[in-house]
Amino acid sequence: MGIDNRKFLLTSAVDLRRQAEARLCAKTPELHPPRTKEETQRLVHELEVHQIELEMQNAELRLAQEELELSRDTYAELYDFAPVGYFTFDSRGQIREVNLTGAHLLGIERRLLVNKPFARFIADADGREIFTGHLERVLQRNGMQRCEIRLTGKDGTVIHGQLQSVSVDTGESKDGHILCSIVDGTIGKQLETEIQEARKYAENVVETVRKPLVVLNSDLKILTANHSFYETFKVTPEETIGHFIYDLGNRQWDIPKLRVLLNKILLHDTVFNDYEVEHDFQNIGRKIILLNARQILHEKIGSHIILLAMEDITERKFAAAEIERLNLSLAARAVELELQNAELEETYHDLEVETSARHRSMEELREKEQLLIQQSRMAAMGEMLGNIAHQWRQPLNVLGIKVQELGLSFEYGELSKELLESNIAMAMEILQHLSQTITVFQNFTVPDKEKSLFRLEQVIANTVQIIDESLKKDGITLKVSSTGDPQVNGYPNEYSQVIMSLILNAKDAFLEQRTAHPRITVCSWSENDRSVLTITDNGGGIKEKIMDKIFDPYFTTKALGKGTGVGLFLSKAIIEKNMGGRITVRTIENGSEFRIEV
Amino acid sequence: MATAQSLASFSLLFVEDDHMVCLAIGRIIARRFPDATVYTAENGRIGLELFKEHTPEIVITDINMPVMDGIEMARKIKSIKTDTMFIVLTGYNDKNYLERFGEIGFNDYIVKPVDFGKLFAAIEKCRVEIML
């Protein structure tokens with residue numbers, strides 16, 4: 001536009017002359033022709049002065065015009081190169097004028113924009129609608145109107161257009177035009193989005209922190225609090241957000257030390273860690289809380305926010321105390337244990353000594369037991385010798401008598417063949433009997449070398465033969481009965497020793513009880529593939545209170561020196577240990593019954 | 599036996615639980631001492647009954663016997679007739695019994711098996727004593 005300005009001005013100077021001359025003509029009739037020469041001279045002089053005045057005026061005007069033109073150029077540049085796009089719209093939204101920045105914004109040459117509808121450069125239908133509404137508002141109302149529209153820019157990029165418009169009434173037409181500035185808010189919008197995202201991010205960070213965390217503004221009002229805060233201090237967001245921190249939950253947060261932290265320390269420190277506060281809270285009781293604070297300054301606006309992180313260390317403190325206590329007790333316990341350990345070691349040592357001693361005594365015991373069995377055998381032999389004595393004394397006596405009778409008869413001259421034969425036969429019979437007794441006795445005294453299958457009846461018969469005489473002598477009736485020929489796999493001589501022992505015990509009982517009609521019954525039979533032998537007597541039975549003890553070693557009811565106390569103990573050992581059988585005893589009417597199962 | 603009813607005649611009780619021995623010894627004593635009346639018994643009680651009936655001067659007895667032993671019988675006989683003479687038959691192992699019998703009093707003892715020579719001598723000694 002600047003280039004055409006001078007021509008425009010020249011044209012108007014020609015116009016001005018014509019207009020001036022027209023006005024002079026209209027004025028002329030009123031003028032008087034000059035009367036005198038002086039008057040004429042004076043008029044010429046006046047005209048010349050006037051001309052000079054006019055010329056001077058003209059020059060001044062030209063100068064002013066030039067200045068104006070210069071100024072106008074400057075403004076035109078300002079208009080063109082302003083950082084804001086300036087558009088002039090007509091009432092229908094046609095672009096009438098646009099500055100360079102505006103054209104640049106839309107990425108199209110200026111000359112191509114003039115008389116184009118602005119709507120063509122709006123990116124979407126929504127935007128066009130907004131623009132229509134915007135224009136209407138601008139025309140109907142006074143003052144600045146604003147709107148935001150997305151525009152299609154250079155190479156199809158979308159621009160976030162921020163429009164500010166105002167209508168201008170010109171005298172020439174009623175159809176006013178609209179001045180509109182458009183700013184590219186794309187970067188600002190991006191920033192805003194980023195800021196929002198950053199805020200969201202920050203809020204998420206705050207929320208995900210598991211310890212209670214509040215964000216305060218510079219007035220110590222709460223901007224944000226996380227879930228943990230609500231959870232820990234049993235408060236709701238409604239009674240928290242926007243509240244003065246000291247007012248929270250009936251002023252329970254009005255803690256002197258917190259005031260010190262927030263009002264004094266944070267004035268000169270922006271960071272504060274592990275500030276311990278102990279306080280009685282209304283809903284949750286006495287708590288020890290560790291506070292971490294960060295003050296974040298917004299330099300531009302001079303305000304700040306405070307991040308206040310809390311950690312409830314009540315339990316930890318308690319736990320620490322507890323741990324210390326435990327440690328102490330552990331230490332004490334350790335000492336105790338060490339002592340115990342030492343004691344145990346000592347005991348262990350003692351035990352070892354004792355064990356070896358016991359081992360030795362076990363061996364000794366085993367030796368003693370062996371000895372005992374041997375002694376018992378000897379005792380049994382002794383007993384049997386006694387029986388043998390009884391057994392032999394009578395036959396020997398008879399033998400002696402029969403032999404002497406022969407001599408005496410001869411002396412008297414009365415020896416007959418019959419007497420001789422009779423006495424010899426009887427003597428031989430007695431000798432046979434004695435010899436047989438010796439055999440049984442020998443068998444009894446010879447220990448069994450190995451287990452053998454034997455007939456129980458035979459063992460009973462042999463045993464009985466040894467003691468029969470002695471029982472008879474004591475008036476004891478012995479009855480033997482057997483059915484089914486029971487067999488036993490074991491040690492016959494040991495079994496015989498047991499039978500002997502039981503019968504002799506019964507005999508002793510009779511003597512002690514002075515039983516009127518002493519009777520011993522020996523029965524044997526087979527039962528479920530086992531042999532059973534019972535020996536019953538009527539010697540008064542065994543007293544209930546000693547029933548449990550009778551199989552114990554060295555237990556005896558007999559007078560001192562009479563019993564060894566090993567008879568029944570050994571019987572049990574022989575039957576149960578050596579032959580895997582069972583020996584039991586029970587009380588029956590007037591006596592007892594021993595039962596042996598093998 | 600009727601001729602035996604002289605001054606030299608005497609009566610004798612033999613107590614022994616073995617029946618055969620009892621009869622044999624009784625028979626032999628009777629043969630050896632024809633002027634003696636011999637009674638035999640198989641236990642102390644029978645012996646005591648026979649004593650009460652016949653009051654023999656000499657009693658020969660075993661110690662161990664069923665029903666009533668020789669010692670008890672001897673005590674009872676002594677209480678009936680103090681001067682009854684006893685010859686005790688005993689085994690080697692019967693020292694205790696012999697001692698107990700000794701408290702009652704006996705004239706002689708014979709260890710079994712019986713030697714008739716010794717037995718006859720003991721009876722003879724007693725017979726002499728009776729005759730005095």
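In order, the protein sequences belong to chains A and B. Residue numbers are given in the numbering used here: position 379 of the first sequence equals residue 379, and the series is strictly consecutive. Residue numbers are given in the numbering used here: position 42 of the second sequence equals residue 640, and the series is strictly consecutive. Built from N, CA and C at the ideal position, the CB exists for glycine as well. As the structure is a prediction and not an experimental result, all values here were calculated from the model.
Annotation for residue 620(B): 612, 614, 638 and 640 place their beta carbon closer than 7 Å to its own, counting only its chain and skipping 5 residues before and after.
Listed by position along chain A, the residues whose Cβ is nearer than 7 Å to that of residue 626(B) are 405 and 408. Annotated as proximal: residue 674(B) and residue 646(B), with beta-carbon spacing under 9 Å. Within the stretch 711-722 of chain B, the residues whose Cβ lies closer than 9 Å to any Cβ of chain A are, in chain order, 711, 712, 713, 714 and 715. Taking 9 Å as the threshold, the shortest C-beta distance from residue 397(A) to chain B falls below it.
Among the residues facing chain B, residue 389(A) is included, as its CB has a counterpart in that chain under 9 Å away.
Inter-segment contact for the stretch 109-116 of chain A and the stretch 194-201 of chain A is absent: fewer than three beta-carbon pairs are separated by less than 8 Å. If you look at residue 193(A), you'll find it in the alpha helix (DSSP H) that goes 186-208.
Here residue 680(B) is exposed: its Cβ has fewer than 16 other Cβ atoms, across all protein chains shown, within 10 Å. Residue 460(A) and residue 356(A) have their C-alpha atoms roughly 45 Å apart. Residues of the stretch 524-545 of chain A whose Cβ lies closer than 7 Å to any Cβ of chain B: none.
Residue 279(A): member of the beta strand (DSSP E) spanning 271-281, first to last residue. In summary, residue 548(A) is exposed, with fewer than 16 beta-carbon neighbours lying within 10 Å of its beta-carbon over all protein chains present. Listed by position along chain B, the residues whose Cβ is nearer than 7 Å to that of residue 393(A) are 689 and 710. A residue is called buried when at least 16 other Cβ atoms come within 10 angstroms of its Cβ; residue 486(A) meets this threshold and is buried. What residue 616(B) touches in chain A, judged by beta-carbon distance under 9 Å, is 394, 397 and 398, going in chain order. In the three-state reduction of the DSSP assignment, residue 425(A) falls in the helix class. Going by DSSP, residue 164(A) is part of the beta strand (DSSP E) stretching over 158-168.
Contact between the stretch 156-164 of chain A and the stretch 178-186 of chain A is present, with at least three C-beta pairs closer than 8 Å.
Beta-bridge annotation (DSSP): residue 291(A) is paired with 275(A) and 310(A). The DSSP-derived three-state label of residue 97(A) is strand.
The CB of residue 401(A) comes closer than 9 Å to the CB of 618, 619, 622, 623, 626, 711, 712 and 714 in chain B, given here in chain order. In this structure, residue 574(A) sits near residue 497(A), with a CB-CB distance shorter than 9 Å.
For residue 548(A), the nearest beta carbon of chain B is not closer than 9 Å to its own beta carbon. When C-beta atoms of the stretch 528-547 of chain A are compared with those of the stretch 506-515 of chain A, three or more pairs fall below 8 Å, so the two segments count as touching. Against chain A, a Cβ distance below 9 Å from residue 629(B) picks out 408, 409, 412 and 414. Between residue 479(A) and chain B, the shortest Cβ-Cβ separation is not below 9 Å.
Contacts between residue 664(B) and chain A, judged by CB atoms closer than 9 Å, involve 472, 473, 474 and 475 in chain order.
Out of 700(B), 704(B), 726(B) and 685(B), the CA that lies nearest to the CA of residue 714(B) is found in 685(B). Within its own chain, the residues whose Cβ lies closer than 7 Å to the Cβ of residue 139(A), once the five positions on either side in sequence are excluded, are 91 and 167, listed in chain order.
In the assembly as shown, residue 402(A) is a buried residue. Its beta-carbon has 16 or more other beta-carbons within 10 Å. By the Cβ rule, the stretch 250-257 of chain A does not count as touching the stretch 329-342 of chain A, because fewer than three pairs are nearer than 8 Å. In the same chain as residue 455(A), and ignoring 5 residues on each side of it, the C-beta atoms closer than 7 Å to its own belong to 485 and 487, in chain order. For residue 491(A), there is no enclosing beta strand (DSSP E), since its DSSP letter is neither H nor E.
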